[in-house]
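Numbering (UniProt numbering), first residue to last: 1 to 1187.
Here is the structure we will look at, set down as structure tokens.
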């Protein structure tokens, strides 16, 4: 027998070497793999060969392969092995543990890991019932040497991971092992702690380097094993003996070779949740000794050594976890006092807040926020002093430096470790800045006047400091900053800090305590500051807006503020420069317009005395065609409209709006414009999209035409967004804005803009219809070669759909659009969006004056819903806002004829588009690599856009029939399984709009079909949303009706298809299972078709189904049995649940249950039921005693 085994082992060794050698061809490698797999599956000599290959005389690769064979035997053949063979393999494996490895420092890590896996696989199948002395055997091994001790640690760690963390066992085996581990946890922890202390002490004593390393290796392994248990054991094991274990971890923080693993253990322990009284012992870490060790480790210097840096990250997380614990414990019912050493704790945390590493700085921000907002801690003088230090440190931390591509500060070196690119760093920094802004605002509540003083000093310092452009000046002009110039980043940081501080001060300070004089002095300094740098000037505008509340106390200063802002609206780097404006200049001008709008929106009553002054100035600007873009004109008009809302006189405001819109009205209603808007060919010619551009003059002319259309639409949009009646009902009535009241006495308002806008709407509908027609093939063919891609999705929209952050750097000195084609693309995109924004805002703005337009539904259907088959997904916009603001009186006349065709079309379109996505296969024809990459990118974009469109539709559906808030995508992503199954709640009641729509059978069936179809579309978020929020709410409205059996079959099958597609996701699984159960319970008594469907589920247990079915028909389950019923149903339909791709072709491991450790209680009997045996002898019988 030995000879065949030897020759077979030689062949296996050759096969392994062929697979591992880089020079091997793919054909040979595949043949070797097939030979090995066939051997493992079919050979009866696996154990013998595995043991021979695992001998110490073999190479590490061969030994690892031998151990893999043994693991394969245990995992897949154990159930069929005779007991004697099992015992033999177990003894041989323990022999390998004791004497089958090289010394600890020489043995390969992957060999140790493979050996520990075999032991764990046997433990999972035999312990504790058939291997009761396993723990004693492992403990005995540790006396044999360092190598064996390390292997024992690996076994215990992997056992905890498989049983607790990954839960790779059947439920009963997992319960058996976990129960036994828990019973023995005292001895396990005593054992682990003893091993740790022994080897740490020996490590410190050893002079011989190799011996010291051996003890260090065991110490590391023991700490890693402790980390695997600390996460789930009862807290009492961690806090025993006055938290002795945690104290040991703190002591080890000073040992460079063990500090990382000690910090990992400390972090896991302190991050534990549980009852507050169980966590109270954690406060021992605030004692003098422990806190000194933590503070010393936090403040110790160290270069960018990977292990040292990783340790600092873990220690930072430890401090943050400690902060969470103290915030939970102090002020709670268990009466924990503020720690005496709170100052040392905050010093340690502050050391990370001022560390050069961007990652470490950002990690502390949430903890500072929790400390500063804590009701008790925030009032402690120590926290107050630290809040001042924090605010001063924020002046440095908010400056955007430390890019991985640069070397201009110490943080750059750390950034190269943490970030792949400058874009990644920038994205992280923006998140960090937002968190720091919140912490700064909270610190302001604690020390408001100190925060004011720090902010004022910083503003004054920046104003007095000459501008330093550094080496990154703008390409288009000398002496102008780029986004990363030293002065630009300093001003940007100071502006954000000032916004955070003053925005909070105006909220929290009483009016008489606000330092008005100092604030006005600072505002005057900012207003009088002069610069021609667009980036710096943009920061100045932000500070002016931030400090504007001071002006309300001294109104005479208002004109100076306005005259400071207005020149920025017409800012140019070079006077009468014909070159395209840089993005920085465009942003500055846009910022100035936004500042004016913001002031007029928030302080419209305060601005009213300056209305005439502003109006005259705006007229002068409008008189020069070259000064302002059409967008800037619209912005200034919006600002004037906002102030005019304070006229509180209907006729006066109406006259002003007519005057303001006179030029737009004349242009929009001209015969030339009408002919352009009505005909797609004329429209394309008018905007220049049918030409091949070669002559600049021609392009300029077409650009003027485009700007005219944009100006008209943007003006209409500005009016519908801004024109309003007074918010006070009495003022509105006195001003003539109230025309009548509703049946319940509520006032019905009229908007002064309604009359001038009504005349403009027909041409708007014509433009919307024409825009939809542009996607028809005949009109696409009319596009000139220059503009063949103008209907494609914009890069910015594409990046948004894919979740790609916008390019950050050096964009401020580039033009907004690189070429004429991009300008044309931007024109079509913004025009399309703005038309639908007008349509959505017209209802809330004009109210009954809009909804009462004769034939409105037909006009919308005839414009917005025409040629939708040709409209791409990224241009599908809906009328959600218009629908939701529609008064009840117009439901029948507007919404039913409007939404009926819309939902019918959406059902058809979404079904078709998702069918294409679902059927896509990864098998593609061999194409040019670049072409194939572009094709894949296009498919990814299309799929993501379809998801966004689908979620938009579902958001509309959720708002129509239900009185419930809609969920954002982020909320749906984070929704867990417990949230996903709450279907039967009072919020499911139908709204008036929902009741109206569901009276129309066609609309109702369309809604139902969309929702149940969507369960099997490849969109997990949408599936969970529909299953938990929409499907049951719609279906239960008709449960009492006589549904067709085919309809019931389709509904139930749709849910099971959803499980097949999305059942691998916990949230979807919970929501779909609950939905399926509700349908089955409600309809099974009347429809036997549901039982027929259940019979077809793969691997269903027929007897269990019969029992469940009978209970469902008889409705015998009590409320107490609801949870058990859900579990039973979940097991019944488990065969429908789809598997992740990575699990679909994986060979299943079967672990048999052993005799249960838990005795089943005997059923209780009522002894008095049987009168024949109802006596004292029976009641006190041994059987009764054993119950």
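We put the beta carbon where it would ideally sit given N, CA and C, even for glycine.
Just so we're clear, the structure is a prediction, and the values are computed from it rather than from any experiment.
Return helix, strand or coil for residue i, following the three-state DSSP convention.
i	result
residue 489	helix
residue 404	coil
residue 1043	coil
residue 464	helix
residue 791	coil
residue 1165	Bear in mind that a pLDDT of 47 at residue 1165, under 50, signals an unreliable position, so the number given afterwards is only what the model happens to contain. Coil, per DSSP.
residue 740	strand
residue 749	strand
residue 998	helix
residue 65	helix
residue 582	strand
residue 8	helix
residue 481	strand
residue 138	helix
residue 14	helix
residue 990	strand
residue 766	helix
residue 1153	coil
Measure from the alpha carbon of residue i to the alpha carbon of each residue in the options, then state which is nearest.
i	options	result
residue 641	630, 614, 621 and 665	614
residue 230	904, 271 and 1130	271
residue 121	80, 75 and 87	75
residue 944	469, 803, 180 and 1031	803
residue 702	688, 713, 710 and 692	688
residue 386	362, 399, 375 and 349	349
residue 109	85, 147 and 94	147
residue 344	81, 845, 328 and 297	297
residue 836	864, 754, 262 and 1012	864
residue 534	480, 999, 462 and 291	480
residue 714	741, 940, 664 and 731	664
residue 737	646, 763, 799 and 791	646
residue 493	854, 482, 462 and 513	462
residue 259	277, 287, 316 and 30	316
residue 1189	584, 567, 444 and 43	Nothing in the structure corresponds to residue 1189, since the chain is present only between 1 and 1187.
residue 854	846, 845 and 894	894
residue 289	306, 240 and 340	340
Would you grab the beta carbon distance between residue i and residue j for me? Rounded to a whole angstrom, and I think it's under 8 Å.
i	j	result
residue 851	residue 843	6 Å
residue 772	residue 868	7 Å
residue 706	residue 667	That pair is no contact at about 13 Å.
residue 891	residue 993	6 Å
residue 547	residue 523	4 Å
residue 727	residue 849	That pair is no contact at about 19 Å.
residue 692	residue 784	5 Å
residue 724	residue 751	7 Å
residue 820	residue 866	No, residue 820 and residue 866 are not in contact; Cβ-Cβ is about 29 Å, not under 8 Å.
residue 1039	residue 1082	5 Å
For residue i, decide whether its Cβ has a neighbour in chain D, counting only Cβ atoms nearer than 7 Å.
i	result
residue 152	Absent from the structure: chain D. Only one protein chain is present.
Residue ranges of each alpha helix (DSSP H) within the stretch 149-190, 4 or longer: 171-183
Minimum length 4: unbroken alpha helix (DSSP H) runs contained in the stretch 289-373: 306-329, 342-353, 358-363 and 365-373
Inter-stretch contact (C-beta, 8 Å, three-pair minimum) for the stretch 137-154 and the stretch 214-223: yes
Contact between the stretch 458-473 and the stretch 413-424 (3+ Cβ pairs under 8 Å): no
Segment contact, 8 Å Cβ cut-off, at least three pairs: the stretch 226-243 with the stretch 268-282: yes
Whole runs of the alpha helix (DSSP H) within the stretch 497-573, excluding any shorter than 4 residues: 516-527, 534-547 and 558-569
Complete runs of the alpha helix (DSSP H) confined to the UniProt domain "Importin N-terminal" (32-99) [at least 4 residues]: Taken in chain order, the complete alpha helix (DSSP H) segments of 4 residues or longer contained in the UniProt domain "Importin N-terminal" (32-99) are 46-53, 60-77 and 83-99.
Any alpha helix (DSSP H) of 4 or more consecutive residues that is wholly inside the stretch 612-686: 630-644, 650-660, 662-668 and 671-678
Stretch pair the stretch 879-887 + the stretch 791-800: three plus CB contacts closer than 8 Å: No, they do not touch.
Cβ pair count under 8 Å reaching 3, the stretch 672-681 against the stretch 643-663: no
The stretch 907-917 touching the stretch 1008-1021, judged by at least three CB pairs closer than 8 Å: yes
Any 3 or more C-beta pairs closer than 8 Å across the stretch 75-84 and the stretch 25-32: Verdict: no, contact absent.
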